[in-house]
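Undergrad:
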Amino acid sequence: MKKTKFILALILLNAIFISCSSDDDSNPDPDPPSGKLVKSEIISNDLKVEYTYNADNLLATFNGTRPNLTFTSDFIYDSEKRLTKWSFEETGTSPYSGVSTFTYNADGRLSSYSNDVNDIAITYDGNTVNASGIFGGNTPSELQMELNGAGQVTKFIESYQYTIFGYDANGNMVSAKSFDNNANPLAEFTITYDSKINPFYGQFESVYIERFLEFFEDFDGIYVSGFEGYSFPYFKNNITSINEVGGDSLNYIYTYDDGGYPTVVNEDDMGDTTTYIISYY
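Heads up: the sequence shown runs through residues -21 to -1, 1 to 260, numbered per mature numbering (1 follows the signal peptide of the UniProt record, and there is no 0).
(1) Who pairs with residue 168 in a beta bridge, going by DSSP?
(2) Whole angstroms is fine: what's the gap from residue 62's alpha carbon to residue 186's?
(3) Whose C-beta lies closer than 6 Å to the C-beta of residue 147 among residues of the same chain, with five residues either side of it excluded?
(4) For residue 49, which residues in the same chain have their Cβ closer than 6 Å to its Cβ, ignoring the five residues on either side in sequence?
(5) Should residue 189 be labelled buried (16 or more other beta-carbon atoms within 10 Å of its own) or exposed?
(6) Assess contact between the segment 230 to 244 and the segment 167 to 177, defined as three or more Cβ pairs (one per stretch) separated by less than 8 Å. Is contact present?
(7) Determine the DSSP secondary structure at residue 201, reduced to helix, strand or coil.
(8) Taking 8 Å as the threshold (C-beta atoms), are residue 64 and residue 151 in contact?
(9) Would you grab the beta carbon distance between residue 97 and residue 115 for me? Rounded to a whole angstrom, and I think it's under 8 Å.
(10) Please determine, among 54, 58, 27, the residue with the shortest C-alpha to C-alpha distance to residue 79.
(11) According to DSSP, what are the bridge partners of residue 253?
(12) Rounded to the nearest angstrom, what separates residue 90 and residue 111 at their Cα positions?
(13) Could you round the C-beta distance between residue 20 and residue 206 to whole angstroms and report it? I think they count as a contact, below 8 Å.
(14) Assuming residue 262 contacts residue 244 under a Cβ cut-off of 8 Å, what Cβ separation, rounded to an integer in Å, is found between them?
(15) According to DSSP, is residue 186 part of a helix, a strand, or is it coil?
(16) In terms of residues, what are the limits of the beta strand (DSSP E) holding residue 43?
(17) Excluding sequence positions up to five away, which residues of its chain have a Cβ less than 6 Å from the Cβ of residue 145?
(18) Please name the residue, chosen from 38, 45, 67, 260, that lies closest to residue 51 on a Cα-to-Cα basis.
(19) Please go through the same chain and pick out, in chain order, the residues whose beta-carbon is closer than 7 Å to the beta-carbon of residue 255, but skip the five residues on each side of it.
(20) Could you give the distance in angstroms between the alpha-carbon of residue 103 and the alpha-carbon of residue 109?
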């Protein structure tokens, strides 16, 4: 059931935060992450990623190795700790490089982002967000999102379908139900979590809307778990299962250190198993 998350930065550059509530408390300035910082995720010597951070504990570099290629990403932030530039370079048989830029409005909310294949403008009307422009190099389109008081997307409206998202008391996404424009059910997913610390939580707060669009546009499933944990770092706890109602399931078993941080992750995707190690600074 799982789409391959190729490379955190490459996903951003080849496909396509942020509360829109009128309540000022729902749109705070990004806070630097606290607690342990992830140093690496390692499946094998030729399949691994390593991270470094700036003085504010925000992700500064992302360096990875996969068979026959290496890649690196660099992240630049403004004085308000908002991501403004994401540079990517891949070396190997098909070298590639690119840059994504992000801009913000007077309220500090993401107002646009662009790269080789995306050129998106974002506007706000209360708790409604409109994103319009070129997504993934395709023809111009417009998408709409409705947010809760915490700034999380609860309804995602596309031209041919819409999806409703539910959250638990910790702000973890626990359900997603999609419908066609006649309200006929298309798919339903449930997500479960442990009660431990998600070590990736708290990064990329300012670009939550962009990250949501990246992973949920053309919605057909939940692809925000597993290796390369900074791809979608918006859940406080660790995902233990993703289940398609009437379909496949994806499961995780963790080993934790004395502080409750995961150190070993065992992933089972319908019998296809992967184990990786998480280390910390």
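A virtual CB, placed ideally from N, CA and C, is assigned to each residue, including glycine.
Only a predicted model underlies this, so the values are computations on that prediction, with no experimental measurement involved.
TA: With the given structure in hand:
(1) In the DSSP output, where bridge partners are listed per residue, residue 168 has 155, 223.
(2) 7 Å
(3) 153
(4) 70
(5) Residue environment for residue 189: buried (at least 16 other C-beta atoms within 10 angstroms of its C-beta).
(6) yes
(7) coil
(8) no
(9) For a cut-off of 8 Å, the C-beta gap from residue 97 to residue 115 is around 7 Å, short enough to register as a contact.
(10) 54
(11) 246
(12) One alpha carbon belongs to residue 90, the other to residue 111, and they sit about 11 Å apart.
(13) About 6 Å separates the two Cβ atoms, so the contact holds.
(14) Absent from the structure is residue 262, since the part of the chain shown begins at -21 and ends at 260.
(15) helix
(16) 38 to 45
(17) Close CB contacts of residue 145 within its chain, under the 6 Å cut and outside five residues either way in sequence, are with 153, 154 (chain order).
(18) For the residues 38, 45, 67, 260, the minimum Cα distance to residue 51 belongs to 67.
(19) 20, 21, 22, 206, 244
(20) 6 Å
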